[in-house]
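Student:
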Amino acid sequence: MEEKQKTFKPLDPLLHSELRLAVMSILIGVNEADFVYIKSQTGATAGNLSVQLDKLSAAGYIEVEKTFKGKKTCTLCRVTDKGRNAFAEYVETLKQYLQIPKV
Numbered sequence: 346m347e348e349k350q351k352t353f354k355p356l357d358p359l360l361h362s363e364l365r366l367a368v369m370s371i372l373i374g375v376n377e378a379d380f381v382y383i384k385s386q387t388g389a390t391a392g393n394l395s396v397q398l399d400k401l402s403a404a405g406y407i408e409v410e411k412t413f414k415g416k417k418t419c420t421l422c423r424v425t426d427k428g429r430n431a432f433a434e435y436v437e438t439l440k441q442y443l444q445i446p447k448v
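Following this note's numbering, the numbering of the sequence shown begins with 346 at its first residue and continues without gaps.
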């Protein structure tokens with residue numbers, strides 16, 4: 346009898362980037378985080394982090410709010426419901442990948 350081969354569900358390419366996945370992981374665990382905190386936790390450069398936040402925001406996975414603390418700008422990031430769902434689906438898909446039997 347021939348064994349039916351499982352097909353791999355594609356991983357969300359937006360979340361499959363190391364930095365974007367790190368950002369989403371941070372934001373899933375907190376209500377909101379500012380740019381400085383995310384930058385320090387990920388070790389990313391300001392320019393690269395800014396680009397990746399823009400991509401996540403454009404996809405609707407996060408909300409970015411620009412405010413001021415005194416005279417300094419403050420960029421706050423929050424994960425959206427769409428982002429939470431995409432992250433949960435990404436994690437579930439990874440779990441499925443890990444359950445594929447070895448031949």
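We put the beta carbon where it would ideally sit given N, CA and C, even for glycine.
1. Quick check on Asp379: does DSSP put it in helix, strand or coil?
2. Please identify the residue among Tyr406, Ala391, Lys417 whose C-alpha is closest to the C-alpha of Glu434.
3. Measure how close the beta-carbons of Phe380 and Thr420 come, nearest whole angstrom, since I'm counting them as under 8 angstroms.
4. Can you give me the C-alpha to C-alpha distance between Lys417 and Leu366, rounded to a whole angstrom?
5. For Ser402, collect the residues of the same chain with a Cβ closer than 6 angstroms to its Cβ; drop the 5 residues on either side in sequence, then sort them by chain order.
6. Do you know offhand how far Gln441's Cα is from Tyr382's?
Tutor: The answer reads as follows:
1. By one-based count along the sequence shown, residue 379 stands at place 34. Strand at Asp379.
2. Counted from its first residue, the sequence shown places residue 434 at position 89. If we check each option's Cα against that of Glu434, Tyr406 comes out closest.
3. The residue given as residue 380 occupies position 35 in the sequence shown. The residue given as residue 420 occupies position 75 in the sequence shown. The Cβ separation is near 4 angstroms, so the contact holds.
4. Mapped onto the sequence shown, residue 417 falls at position 72. Mapped onto the sequence shown, residue 366 falls at position 21. Their Cα atoms are separated by approximately 28 angstroms.
5. By 1-based counting over the sequence shown, the position of residue 402 is 57. Hits under 6 angstroms: Val409.
6. Within the sequence shown, numbered from 1, the residue matching residue 441 stands at position 96. Within the sequence shown, numbered from 1, the residue matching residue 382 stands at position 37. Approximately 32 angstroms between the Cα atoms of the pair.
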